[in-house]
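With this note's numbering applied, the sequence shown has no gaps in its numbers, which climb one by one up to 574 at the end. Scroll down for the structure; my scribbles are underneath it.
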Amino acid sequence: MGSCSSNEHHDAASGDPNVKDHHTEKIDIVVNMMKATNIPDCDTSLDSKARKADSYAKFYLSENADGKTHLTKAVKTSFRVDTEFPVWNSYRRLTGLHDDNKALYLVVQIFDYDKLSKDDFIGMSITDISEAKSGQKFQTEVQIEKQFQKHLKGKCLVEFEILKDTKWPSQKTIFFVRHGESKWNEAEHGILQKGNLVDGVTTMAGGRDHPLNYVGINQARELNAKWKAKDNPSVPSGEKPSSDDIDSFYQATKIYASPLTRATQTCLIGLQDHPTLTRDGVTLMRQLREVKNRIGWDTLGDALGEQIRVRVREKLLHETKTRPHQLKDFLPKGEEDLDILTNPKIDTNDCETYWWDEDHNKSVDISERLTDLIHALRFSDHEIIICVGHSLFFREMCRAFIGGGHPKSTKEIKELLKTDKNNEKEGKKGLGFEGSNLAMDSRLYKLGNAACLMAKFDFSKPLMKDWKITSAKLMFGSRFNKKEKQDMASSDSKDVPPSVPDDKALLSK
């Protein structure tokens with residue numbers, strides 16, 4: 066965030082591709098921009114001391130070793146706050162035309178994000194990827210701008226993966242699992258249902274990253290029992306899952322979870338003994354964290370990296386000791402059982418550094434997260450994936466990718482709620498998939514605690530704007546929380562306007 070200037074490469078980065086008549090060979094490459102190390106300090110504080118950068122990467126393809134010509138538009142990652150070791154894991158697709166007789170270079174530029182002034186250009190790497198094979202990973206040195214070189218603590222390196230000639234499944238099944246009831250939810254219910262304002266506010270304001278309470282632990286255990294028993298009761302919204310749908314939950318080959326304690330706890334309890342959790346563990350993903358509103362203290366993280374597992378374990382042990390009667394058969398052998406429960410591998414992925422938001426999320430923030438998440442899911446090798454996370458963020462996902470789009474205002478939300486109630490009274494099925502009302506419900510309401518929603522995605526078209534959820538079903542008797550007030554602790558449109566991801570948002574400016 067300093068006042069340093071950018072060089073000519075920065076100014077050229079947002080130009081249109083330089084396509085000539087002899088550029089006839091098609092380019093279609095996916096780049097996973099993974100991480101960087103030893104990003105130099107460059108933010109300047111009031112005391113004129115350098116601070117860690119809020120860095121992001123911008124990249125494009127060129128046929129020149131100096132990177133001054135563009136064969137594709139430049140795209141960018143999200144920025145990572147206050148770290149010299151940013152982890153992005155951002156998948157972006159680069160398309161265009163080039164001369165097959167010339168080399169192909171990936172140009173990566175590193176910037177420091179600044180809210181109030183022009184972003185600082187930190188440095189650049191240029192790598193010849195002409196002979197790169199799909200899945201090949203590169204680690205290249207970033208040439209740092211002169212004004213930042215004095216802050217270098219070692220070689221600045223950027224790591225990325227090239228993916229090409231790959232046929233990803235165009236149809237994928239994603240299971241969205243909401244966490245069980247948390248201490249925050251308990252306090253929220255106390256205020257809304259019992260009028261217990263003082264105790265509720267004290268609990269909500271007294272901490273951050275609230276863990277599961279005893280109710281939430283038991284809800285996660287109930288989910289675990291249901292999928293193991295292939296329990297398939299009727300559901301209040303939409304079509305009942307088929308036996309194949311139930312089987313596909315077992316067949317999921319990748320599990321992601323929000324790094325917030327209640328979500329990781331729900332993952333370990335609710336998915337205990339799932340073959341993928343047992344074999345491969347869970348990968349934490351910061352993009353799955355909850356939407357941060359103006360009072361969302363429960364969305365603030367309290368641990369980084371391996372300390373996330375430590376916190377998950379400590380909070381489970383504390384609740385078990387605090388509520389021995391309600392959880393008497395949860396861990397019959399005490400810490401021995403807890404060790405087994407928390408034994409699966411937890412890949413901390415992009416949560417080694419500051420991964421939460423102190424400020425409330427705006428439309429652009431949510432859209433950026435949805436963009437990162439949907440690209441990671443799209444370009445994953447896995448066809449069936451489980452994501453454990455949060456109700457507000459999952460609702461944003463449904464609003465973005467289910468037909469009907471994001472409600473544009475508080476007034477429109479109220480009109481949809483009114484229509485939904487009238488449809489229920491008249492026995493109508495509404496706007497949903499194949500005659501169900503699930504499409505409307507998923508855009509209006511929050512998933513219940515420890516609920517599971519199966520969504521089938523169609524990724525057959527190249528642009529993100531055409532990706533969509535074609536069908537969805539509530540699993541294992543799950544339901545939406547229609548009785549909750551929809552404006553409390555939520556991203557209603559007064560705070561967070563529509564957040565539909567836009568392909569143009571990927572382009573550098």
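Each residue gets a CB set at the ideal place from its N, CA and C atoms; glycine is no exception.
query	result
Pro82 in three-state terms, based on DSSP	coil
Exposure label - Ile405; buried when at least 16 CB within 10 Å	exposed
Validate contact between the segment 415 to 424 and the segment 341 to 359 using beta carbons, cut 8 Å, 3 pairs	yes
N- and C-terminal bounds of the alpha helix (DSSP H) containing Lys293	Tyr279 to Lys293
Three-state class that DSSP yields for Ala504 in the structure shown	helix
Validate contact between the segment 275 to 288 and the segment 376 to 395 using beta carbons, cut 8 Å, 3 pairs	yes
Residue burial classification, Gln372 (beta-carbon count within 10 angstroms, cutoff 16)	exposed
Test: Ser323 CB closer than 9 Å to a CB of chain C	The structure shown contains no chain C; it is built from a single protein chain.
Terminal residues of the alpha helix (DSSP H) in which Thr385 lies	Gln372 to Thr387
Ala516 beta carbon less than 9 Å from that of Ile534	no
Own chain, CB closer than 7 Å to Ile92, minus 5 neighbours either side, in chain order	Leu126, Leu136, Thr137, Leu159, Thr160, Gly161, Leu162 and His163
Residue nearest to Asp309 in terms of C-alpha spacing, selected from Ile320, Asp296, Lys319 and Ala328	Asp296
Cβ-based neighbour list, Pro82, same chain, cut-off 7 Å, excluding 5 preceding and 5 following	His135, Leu136, Thr137, Lys138 and Gly161
Supposed close pair Glu246, Gln214 - CB separation, criterion 8 Å	Contact flag wrong, Cβ pair sits at about 52 Å.
Where His390 falls, given that 16 or more other Cβ within 10 Å makes a residue buried	exposed
Euclidean distance between Cα positions of Glu461 and Gly454	12 Å
Secondary structure, alpha helix (DSSP H): runs of 4+ residues fully inside the segment 400 to 469	400 to 406, 428 to 443 and 456 to 466
Where the alpha helix (DSSP H) through Gln330 begins and ends	Thr326 to Gly335
Sufficient close CB pairs (3 or more, under 8 Å) joining the segment 297 to 306 to the segment 328 to 340	no
Residues bridged to Ala101 (per DSSP)	Val223
Extent of the continuous alpha helix (DSSP H) to which Arg344 belongs	Pro340 to Asp345
Candidates Val95, Tyr315, Phe241 and Thr343, of which the one nearest Asp230 by Cα	Val95
Outcome for Asp363 when other beta-carbon atoms lying within 10 angstroms are tallied against a minimum of 16	buried
Expected contact under 8 Å - CB spacing of Leu222 and Glu206 to nearest Å	6 Å
Counterpart residues of Gln586 in DSSP-defined beta bridges	Outside the displayed span of the chain (66 to 574) sits residue 586, for which this structure offers no information.
Of the residues Lys237, Asp568, Asp177 and Ser428, the one placed nearest Cys452, counting alpha carbons only	Lys237
Helix, strand or coil at Phe395 according to DSSP, with G and I counted as helix	coil
Inter-residue spacing [alpha-carbon to alpha-carbon] between Leu181 and His425	17 Å
Backbone CA spacing between Ala130 and Tyr170 [nearest angstrom]	7 Å
Whole-angstrom distance between Trp233 and Met98, CA atom to CA atom	18 Å
Per DSSP, cross-strand counterpart(s) of Asp93	Thr160
Ser127: first and last residue of the uninterrupted beta strand (DSSP E) it sits in	Ser120 to Ser127
Contact test: Ile405 Cβ vs the ligand ADP heavy atom, cutoff 8 Å	With respect to the ligand ADP, the structure offers nothing, as it holds no ligand at all.
Burial state of Glu196 (16 or more Cβ within 10 Å)	exposed
Where Phe314 sits in the DSSP three-state scheme	helix
Where Ala465 falls, given that 16 or more other Cβ within 10 Å makes a residue buried	buried
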